Amino acid sequence: MFASWRNKKSKSTVSSDMVSKQRRYDSLVRALHADIYRFAYWLCGDKHIAEDITQETFLRAWRSLDSLKDEKAAKAWLITILRRENARRFERKQFNYSDVEQEFIEDTFSGSTEEHAEQHLLRRQIAKLELEYREPLLLQVIGGFSGDEIASLLDLNRNTVMTRLFRARNQLKDVLEQPSHRGQSNG
């Protein structure tokens, strides 16, 4: 009799834990899917690959959800998983990789032709930055991470991150202030 009661209680606890985990996971996906996908797209420049990497990121997140102790760290945790997933792509397969023209990313927020031209130019210039400068900049601008969070995500010293962010912005500023680029935003 006691064993039967204990077994029912055990099944009830497991079921309750699974429902709790599912709710927590669903909440995580609803809150952060768009940010994770956006960052994946910036990393690979391909809609289908970004979808695959995002899906794999959330699959791994489900498997490891118990290791996420602080909900406030969820975005950084997912970005770390995403970056590892992206790196695994290159471990598994050798690509004939050429720089993806990232100016074709659709911008659904800008209204005018001038805004579209400016966004196009900015995306193209960001895509041309070396990875060591581009990645911290994207983590800050697209991911919304602080210098300390970026340092932790990239396993770098905070001062290194701040220097790279400074240099990335200066490189963009120098290119965008060139006379040949100023005229491009007029159409």
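Using our numbering, you'd call the opening residue of the sequence shown number 186 and step up by one each time. Using N, Cα and C, we set each Cβ at its ideal position, and we do this for glycine too. Since the model is a prediction, treat every value here as computed from it, not as a measurement.
Subject >> Where F224 falls: helix, strand or coil (DSSP) >> reply: helix
**OP:** Assign P364 to buried or exposed, taking buried as 16 or more other Cβ atoms, counted over all protein chains shown, within 10 Å of its Cβ.
**Re:** exposed
**OP:** With a 10 Å radius around its C-beta and 16 neighbouring C-beta atoms as the bar for buried, classify E320 as buried or exposed.
**Re:** buried
Original post:
When you compare each of A219, F330, R273, S249 to E236 by their alpha carbons, which one comes out closest?
Top reply: A219
Original post:
Taking buried to mean at least 16 other C-beta atoms within 10 Å of its own C-beta, is G328 buried or exposed?
Top reply: buried
Original post:
For the stretch 214-275, which segments carrying the alpha helix (DSSP H) assignment without a break, of at least 4 residues, lie completely within its bounds, in sequence order?
Top reply: 232-248
Subject >> Boundaries (first-last residue) of the alpha helix (DSSP H) holding I335 >> reply: 332-339
Original post:
E317: which of G332, Q240, T345, A302 sits nearest, CA to CA?
Top reply: T345
Original post:
In chain order, what residues of the same chain lie with their CB nearer than 7 Å to the CB of A259, ignoring the 5 residues before and after it?
Top reply: L213, L217, L253
Subject >> Identity of the residue in L228, W227, T198, F243 nearest R215 by Cα >> reply: F243
**OP:** Could you tell me whether the Cβ atoms of L314 and L322 are closer together than 8 Å?
**Re:** yes
Original post:
Is E362 helix, strand or coil when you go by DSSP?
Top reply: coil
Subject >> Selection from R274, R248, R309 that minimises the alpha carbon distance to R209 >> reply: R248
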